[in-house]
Structures are given as C-alpha cells and as structure tokens.
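Asker: Numbering (the numbering used here), first residue to last: 206 to 498.
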Ligand SMILES: NC(=O)c1ccc[n+]([C@@H]2O[C@H](COP(=O)([O-])OP(=O)(O)OC[C@H]3O[C@@H](n4cnc5c(N)ncnc54)[C@H](OP(=O)(O)O)[C@@H]3O)[C@@H](O)[C@H]2O)c1
C-alpha cells in the first residue's frame, strides 16, 4: 500500500461523508469497493467506476485498506459484526464520529481480529474532502497510519497523526467540535437579537469577521495561562466581563429571546466570582468550568 493509484480501498458507508470519500478515492484512481446498508446509494458511484460489494464482509475481504464512515459507533458495530475474521492483516481506518472510549474499544476489537486500527476525526464537510483545506486527525496504530498515509493524503491536504492512543483523535474532535457548536449558538443568538432590533442578518454579517478573528489569539492566550496556572486580569477581569455579560443578557431577555445558553454561561461566571476570582482574567473560567474552583 505505497500510495500508487492501484491500491484498492473498501469504503463502508455511503452517506454524505462516505460518498464524498469514495468519490475522491475514485477520482484519485484507487479501485474503490463500496458498501452501504441501503444499497441504492451506491448507484452513482458504481456508474463512476466503483465496485459494489454485496455485503460489508465482502467489501472488507476485497481490499487491504478499509475506510469506514457510518453514522455512529452502533452503526459500525452492526456493519462489522460478521467481518472480524476477514480483518486480519488489514488496515481499518474508522472515520465515524465516536467518543474516545468507543474508539479505544473498537481498536481493541480490531486488534483482537489482527487488524491495524486507525481512528480518524473528520474536521471538514463533505464538499471539503479531497481539498488542501480539509483537516483529518488520526490516532491509533502508527504503522497502520504510515501504511495508509499515501491514500489518506488524497482525502485531506491536512492529515495529522496524533499518537498511539486510539481515543486521541476523538478527544481532539470533541474539543474542537465544542468550539464549533458554541460558536454556532453565538452566531444564532446574534442573528436573533439583530432581527429583534430590526437589523437584517445581511447587515450584521459583514462585521462578524472582526469579532471572530479575535478568537485564535484569545484561544492561544487562554491555553497558555491555563498551562501556566496564572490568570492575569489586566486586559479583562472576570468581574468587569460579568457586568458586560449581564447587560447583554438584559437586552436578550427584553426581546423575549431564549436566554438558556447565556444563563448557563452566567452560572459559570457566578461560580468564579463566588470563589473569589473576580480580579483574575477570563482564562480562570476554564478550571472553574472543569469543576476546579
Ligand atoms: N456530514 C458532515 O458534514 C460530517 C462532518 C464531519 C464528520 N462527519 C461524520 O461522518 C459520519 C458519517 O456522516 P454522514 O454525514 O455521512 O451521515 P449520513 O449521511 O447520515 O449517513 C449515515 C450512514 O450511516 C449508515 N448507517 C446508519 N445506521 C446504520 C446501521 N445501523 N447499520 C449500518 N449502516 C448504518 C447509513 O446507511 P443508510 O444509507 O442505509 O441509512 C449511512 O451510510 C458521522 O459519524 C458524522 O458525524 C460528518
């Protein structure tokens, strides 16, 4: 499996993500064996040159590299239930979103069947697969990753191996996805408030990059302060930020907009203040959030 176009790859799961993966592999010239629970979804890929497998077991048997992209860990368990004996000597790359614990258990199961297990987290949308901007994070068997790497490079310009713990990619995934989800709720709240004030979303959006672009530096500074255990409040203290925060909450509440997301945040602020951290910087909220007063 040295990356030459002839390396056959089996793709299990042809949802939005699995289809994009299979399409990208085909475009790169890899013989691509596809399987999906609902067989009809393979149609377009077969027309494009994919080989349809009659079962997940047949797909696994047909290629030295097996890439899995299914809904969740239960779906992976269901799809691979009878495939264990066929996994010996293969590299299994599981790109399904899972918890770190599920990934570790899946690695144990695959190892028991003689496969090299690589867990992957897809930090991209299906349209991004195969582009330079796409980021895929991997962990688990290093030799499995190195063997599959030339093929995996076709899926994402930015592929990063994070270490031997099979749960590590899923842990990075969860941490990064929490940044994404809460940012998305921030955008949603901003749009709801703008609408209540008679501001069209399209009027607000041009100003969002200036706000969002503050985040990378803020994340780096917060991480450095948490690692150092030192939280200078010179720029913004928790008590002054909480004052601004309560003003925002008032505006939101006056418009009858759901304050639930903000109230959860307010509770963290209040715990920090009650523990005497008012003069410290916002980074002090990280250990408070983690339950360490
Ligand atoms: N789409 C994205 O933007 C995105 C981004 C990053 C990560 N991901 C991750 O990529 C994975 C796939 O996502 P997706 O967007 O492709 O999802 P999707 O379009 O909903 O497809 C789900 C796939 O799982 C299969 N499946 C569900 N339950 C099953 C079961 N019990 N047994 C066998 N197969 C089963 C479905 O088969 P049927 O066709 O038969 O229903 C389908 O192939 C997920 O873990 C997701 O979190 C997705």
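Don't be surprised by glycine CBs; every beta carbon is placed ideally from N, CA and C.
Note that the structure is a prediction, hence the values are computed from the model and not measured.
From residue 329 to residue 340, what does the alpha carbon distance come to, in whole angstroms?
Answerer: Indexing the chain shown from 1 puts residue 329 at position 124. Indexing the chain shown from 1 puts residue 340 at position 135. Cα to Cα, the separation comes out at about 6 Å.
Asker: Out of 474, 393, 229 and 454, which one is the CA nearest neighbour of residue 335?
Answerer: As a first step, residue 335 must be located in the chain shown, where it is residue number 130. For the residues 474, 393, 229 and 454, the minimum Cα distance to residue 335 belongs to 229.
Asker: So the candidates are 417, 397, 246 and 310; which of them puts its Cα closest to the Cα of residue 219?
Answerer: What you label residue 219 is simply residue 14 of the chain shown in a count that begins at 1. Answer by Cα proximity: 246.
Asker: Quick one: Cα of residue 235 to Cα of residue 386, how far?
Answerer: Indexing the chain shown from 1 puts residue 235 at position 30. Indexing the chain shown from 1 puts residue 386 at position 181. Taking the straight line joining both Cα atoms gives about 35 Å.
Asker: Looking at the secondary structure, which residues open and close the beta strand (DSSP E) in which residue 440 lies?
Answerer: By 1-based counting over the chain shown, the position of residue 440 is 235. No beta strand (DSSP E) holds residue 440; DSSP gives it neither H nor E.
Asker: Which residues does DSSP pair with residue 324 in a beta bridge?
Answerer: Along the chain shown, one-based indexing puts residue 324 at 119. DSSP lists 299 and 344 as partners of residue 324.
Asker: Apply the 10 Å Cβ neighbour rule to residue 332 and answer buried if 16 or more other Cβ atoms are within range, or exposed otherwise.
Answerer: Numbered from its first residue, the chain shown carries residue 332 at position 127. Classification for residue 332: exposed.
Asker: Since I believe residue 418 is in contact with residue 373 (beta carbons under 8 Å), could you give me their beta-carbon distance rounded to a whole number of angstroms?
Answerer: Taking the chain shown and counting its residues from 1, the one referred to as residue 373 is at position 168. Taking the chain shown and counting its residues from 1, the one referred to as residue 418 is at position 213. Residue 373 to residue 418, Cβ: 29 Å. No contact.
Asker: Closest to residue 293 by C-alpha separation, out of 309, 262 and 303, would be which residue?
Answerer: As a position in the chain shown, residue 293 is number 88, starting the count at 1. Residue 262 is the option with its Cα nearest to residue 293.
Asker: Using three-state DSSP, classify residue 363 as helix, strand or coil.
Answerer: Locating residue 363 in the chain shown gives position 158, where the first residue counts as 1. In the structure shown, residue 363 sits in a strand (DSSP, three-state: E or B).
Asker: Helix, strand or coil for residue 486? Go by DSSP, reduced to three states.
Answerer: For the purposes of this step, residue 486 is taken as the residue at position 281 of the chain shown. DSSP places residue 486 in strand when its eight states are reduced to three.
Asker: Reducing DSSP to helix, strand and coil, say where residue 330 ends up.
Answerer: Position 125 of the chain shown, counted from the start, is the residue given in the question as residue 330. Reduced to three states, the DSSP call for residue 330 is coil.
Asker: Hey, how far is the Cα of residue 442 from the Cα of residue 368?
Answerer: As a working note, residue 442 is residue 237 in the chain shown. As a working note, residue 368 is residue 163 in the chain shown. Distance between the alpha carbons of residue 442 and residue 368 is about 37 Å.
Asker: State whether the region 405–421 contacts the region 474–493, with contact taken as three or more CB pairs (one from each stretch) at a distance under 8 Å.
Answerer: no
Asker: Tell me whether residue 274 is buried or exposed, calling it buried when 16 or more other Cβ atoms sit within 10 Å of its Cβ.
Answerer: Within the chain shown, numbered from 1, the residue matching residue 274 stands at position 69. Counting Cβ neighbours within 10 Å, residue 274 comes out buried, since at least 16 surround it.
Asker: Would you call residue 307 buried or exposed, if buried means 16 or more other Cβ atoms sit within 10 Å of its Cβ?
Answerer: In the chain shown, residue 307 corresponds to position 102, counting from 1. Buried.
Asker: Ligand 1 and residue 324: does any heavy atom of the ligand fall closer than 7 Å to the residue's C-beta?
Answerer: By one-based count along the chain shown, residue 324 stands at place 119. No, the beta carbon of residue 324 sits no closer than 7 Å to any heavy atom of ligand 1.
Asker: If you follow the alpha helix (DSSP H) that residue 250 is in, where does it begin and where does it stop?
Answerer: On the chain shown, position 45 is the one that residue 250 refers to. Segment 248–252, the alpha helix (DSSP H) holding residue 250.
Asker: Cβ of residue 189 within 8 Å of Cβ of residue 302?
Answerer: Any answer about residue 189 is impossible in this case: the structure gives the chain only from 206 up to 498.
Asker: For the beta strand (DSSP E) holding residue 216, just list the boundary residues, first then last.
Answerer: As a position in the chain shown, residue 216 is number 11, starting the count at 1. Looking at the DSSP string, the run of the beta strand (DSSP E) that includes residue 216 is 214–217.
Asker: I need the straight-line Cα distance from residue 489 to residue 465, nearest angstrom please.
Answerer: The residue given as residue 489 occupies position 284 in the chain shown. The residue given as residue 465 occupies position 260 in the chain shown. If I take the Cα positions, the gap works out to 22 Å.
Asker: Using DSSP with H/G/I as helix, E/B as strand and the rest coil, what is residue 336?
Answerer: Here the question's residue 336 lines up with position 131 in the chain shown. It is coil, neither helix nor strand.
Asker: DSSP beta-bridge partners for residue 256?
Answerer: Counting from 1 along the chain shown, the entry for residue 256 is found at position 51. Residue 256 pairs with 238.
Asker: Quick one: grab the DSSP three-state call for residue 309.
Answerer: As a position in the chain shown, residue 309 is number 104, starting the count at 1. Of the three classes helix, strand and coil, the one that applies to residue 309 here is helix, per DSSP.
Asker: Is DSSP giving residue 276 helix, strand or coil here?
Answerer: As a first step, residue 276 must be located in the chain shown, where it is residue number 71. In this structure, residue 276 counts as coil in the three-state DSSP scheme.
Asker: Check whether the Cβ of residue 279 sits closer than 7 Å to any heavy atom of ligand 1, and report yes or no.
Answerer: On the chain shown, residue 279 is found 74 positions in, with the first residue counted as 1. It does: the Cβ of residue 279 is within 7 Å (strictly closer) of some heavy atom of ligand 1.
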